[in-house]
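These protein sequence lines map, in sequence, to chains A and B.
For the first sequence, numbering that gives the first Met the number 0 assigns the number 0 to the initial residue and increments by one for each residue that follows.
For the second sequence, numbering that gives the first Met the number 0 assigns the number 0 to the initial residue and increments by one for each residue that follows.
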Amino acid sequence: MSLIRRREISLALAAIGGIIMISDYFINVKAIKDIAAMLQSWGVILAIFCIFLSTGNLVIYHVQRLSRQTKEERGWSGLVLLVMSLFVGTYLAGRQDLFNILFNAIYLPINQAIYGIIGFFLITASYRAFKVRSLEASLLLVSGCAVILKNAPIGSWLWEGVIPIGTWFNEVGGLGGNRGFVIAAALGAFSIGIRVLMGLQKGFAGEAGGGE
Amino acid sequence: MITNQNILITNLVMFGLLLFFMRKANAGKIPQIRQIAAVDAIAEGIGRAAEQNRPVFFFPGSVALESSEMVQTLAALNVLSQVAQIAADKGAVLKCVAGHSTIFPLMEETLRQAFLTAGTPESYKSDTLLWFSDSAYARDAAVMGMMHRERFATNIIIGRCYVESMMYCETGNFLGALQIGGTAAAIQAPFFVTMCDYALIGDEIYAAGASLSKDPVQLGSIEAQDIGKAIAIVLIIIGTVLLSLGIRFSL
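Given below as structure tokens:
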């Protein structure tokens with residue numbers, strides 16, 4: 000394996016970058032802040048390369064689907080739209096009106112349509128969630144209804160007492176649970192962060208984790 | 000010159016605990032962690048997919064590499080490594096979608112290495128890992144379409160998700176897939192609890208990889224986390240009592 004591919008190098012770079020960013024948070028020294036800002040700019044540049052890499056994968060995927068030539072698996076539309084957007088966005092960069100048509104007439108309406116689907120998913124998910132199958136589901140149903148009625152105008156019209164009950168679920172029951180959740184998750188995040196900095200979390204750098 | 004002293008002290012204490020318990024585990028005193036139903040369900044789900052000759056879907060959340068919530072994606076990659084090895088072992092087809100282009104190279108390396116470790120590097124194919132778009136709804140439309148075409152038997156969605164959690168899980172539910180979801184984001188956890196057959200809640204996503212891999216270092220760090228939680232509980236109780244008595248102080 001060549002020197003450049005050596006995992007130790009990538010892990011060391013990750014560790015050095017991480018330590019600089021942590022130092023930037025805790026130490027108020029201009030030199031460290033400058034280096035941290037520079038690293039963040041490098042991150043943006045790296046992200047651009049990732050988009051190239053991912054787009055390459057996307058093209059390969061669609062070309063393979065096209066080559067299979069079965070009616071169900073033919074996926075030409077994605078590839079054509081990708082090439083068309085790239086062409087309009089780069090070669091015809093001066094034609095802002097064309098890009099605006101692509102964006103406003105195709106992308107935005109489709110985007111909004113997909114967003115609209117969430118409404119249906121919310122209803123089906125709520126229906127399943129509010130089925131009373133166990134004690135926990137019953138509690139969820141009661142607390143959920145209280146919070147829904149507290150927020151919906153019809154709730155206070157039906158019964159004024161639903162407002163303090165819904166508020167209690169939000170500000171006492173929910174908030175207490177949420178804080179416990181956040182503390183535990185933060186400790187877990189810290190733990191995994193330290194493992195990355197120490198080079199002990201190395202699956203993404205080309206080395207399998209333990210257990211093998 | 001030193002800022003955020005309270006956070007620094009907390010971090011140093013946790014760092015010390017982590018070092019101690021990871022070293023202890025490395026020395027052979029490996030802690031036992033409780034069985035997490037969702038973790039057990041991962042192997043079961045992959046086995047089921049292999050039996051049904053249907054693929055397994057994996058999604059590690061949709062945040063970018065530079066996001067502060069990227070740590071959840073790292074936890075998901077940890078699980079992905081084990082999922083890929085189990086899939087290779089059981090002969091199941093694994094299909095993954097990168098939520099963001101910056102995550103793509105990390106997932107690619109994780110998958111390649113996991114399949115190599117499992118002894119089946121040929122399991123990594125050009126359509127094992129896909130990226131559709133960094134735009135959420137464009138990706139969601141593509142993924143939902145793919146779910147319907149491929150009819151996944153098992154959906155594993157772990158990491159920081161947004162609206163896609165509902166879209167993917169409801170689609171998976173429609174297809175009758177076994178669904179395992181997990182997130183450390185408090186606002187997303189209820190969606191997974193509601194819609195998935197098994198859910199990893201909060202810091203369980205960090206423990207999942209350790210539980211699957213049985214890696215002593217990772218198991219040691221889980222023990223350190225638990226000690227940290229115990230300290231937090233004690234401090235909360237002390238703070239509650241002091242505040243109830245009208246005693247206030249700040250560091």
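We put the CB at the ideal spot given by N, CA and C, even for glycine.
At a C-beta separation below 9 Å, Phe102 (chain A) has no neighbours in chain B, since its nearest C-beta there lies roughly 11 Å away. The DSSP assignment places complete beta strand (DSSP E) segments of no fewer than 3 residues inside the segment 20 to 94 of chain B at 55 to 58, in order along the chain. One finds Phe25, Ile26 and Asn27 in chain A with Cβ atoms closer than 8 Å to the Cβ of Ile1 (chain B), taken in chain order.
Annotated three-state conformation of Gln178 (chain B) is strand, per DSSP.
The C-beta of Ala152 (chain B) comes no closer than 7 Å to any C-beta of chain A.
The straight-line gap separating the alpha-carbon atoms of Thr109 (chain B) and Leu134 (chain A) is approximately 41 Å.
With the rule of 3 Cβ pairs closer than 8 Å, the segment 205 to 219 of chain B counts as touching the segment 79 to 95 of chain B. Secondary structure at Leu16 (chain B): helix, using DSSP grouped into helix, strand and coil. For Leu199 (chain B), the enclosing beta strand (DSSP E) stretches over residues Tyr197 to Ile200. Each residue's CA atom was taken as its position, placing Trp41 (chain A) and Phe48 (chain A) some 11 Å apart. In this structure, the alpha-carbon of Ile29 (chain B) lies about 9 Å from that of Phe20 (chain B). For Leu134 (chain A), no pairing in a beta bridge is given by DSSP. Check the Cα spacing between Ile122 (chain A) and each of B:Glu43, B:Met194 and B:Ile186: the tightest is with B:Met194.
The C-beta of Gln224 (chain B) comes closer than 7 Å to at least one C-beta of chain A. Residue environment: Glu203 (chain B) is assigned as buried (16 or more neighbouring CB atoms within 10 Å of its CB, all protein chains considered). Contacts with chain A (Cβ-Cβ distance below 8 Å) from the segment 43 to 77 of chain B involve Ala63, Leu64, Glu65, Val70, Gln71, Leu73, Ala74, Leu76 and Asn77, listed in chain order. Listed as beta-bridge partners of Ile156 (chain B) by DSSP are B:Phe58 and B:Gly180.
Around the beta carbon of Gln111 (chain A), fewer than 16 other beta carbons lie within 10 angstroms, which makes this residue exposed. Any Cβ of chain B closer than 7 Å to the Cβ of Ala188 (chain A) would place that residue at the interface, and such an atom is present. Burial state of Asp214 (chain B) is buried, judged by a 10 Å Cβ sphere holding 16 or more other Cβ atoms. The beta-carbon of Ile59 (chain A) is placed less than 7 Å from the nearest beta-carbon of chain B. Contact between Val62 (chain B) and Gly27 (chain B) is absent: CB atoms are separated by about 37 Å, not below the 8 Å threshold.
Along the segment 183 to 198 of chain B, going in chain order, the ones with a CB nearer than 9 Å to a CB of chain A are Ala183, Ala184, Ala185, Ile186, Ala188, Pro189, Phe190, Val192, Thr193 and Met194. Nearest Cα to Ile186 (chain B) within the set A:Phe180, A:Val131, A:Leu10 and A:Ala185: A:Phe180. When only Cα atoms are considered, Ala184 (chain B) and Phe56 (chain B) end up about 21 Å apart. The alpha-carbon separation between Leu101 (chain A) and Leu80 (chain A) amounts to approximately 10 Å. Ala87 (chain B) and Ala117 (chain B) do touch by the CB rule: their CB atoms are close to 4 Å apart, below 8 Å. Contacts with chain A at 7 Å (Cβ-Cβ) do not include Asp39 (chain B). Counting only Cβ-Cβ distances below 7 Å, Asp202 (chain B) has contacts in chain A at Ala183, Ala184, Leu186 and Gly187, in chain order. Here Asp126 (chain B) is not near Met166 (chain B), since their CB atoms are 7 Å or more apart. Residues of chain B with a Cβ closer than 7 Å to the Cβ of Tyr114 (chain A) are, in chain order, Tyr136. Taken atom to atom, the span from the alpha-carbon of Ile147 (chain A) to that of Gly115 (chain A) is near 21 Å. Listed along chain B, no residue sits closer than 8 Å to Thr89 (chain A) by beta-carbon distance, the nearest being about 17 Å off. The segment 43 to 57 of chain B makes contact with the segment 142 to 157 of chain B, as at least three CB pairs between them are under 8 Å. For Val162 (chain B), the secondary structure class from DSSP, reduced to helix, strand or coil, is coil.
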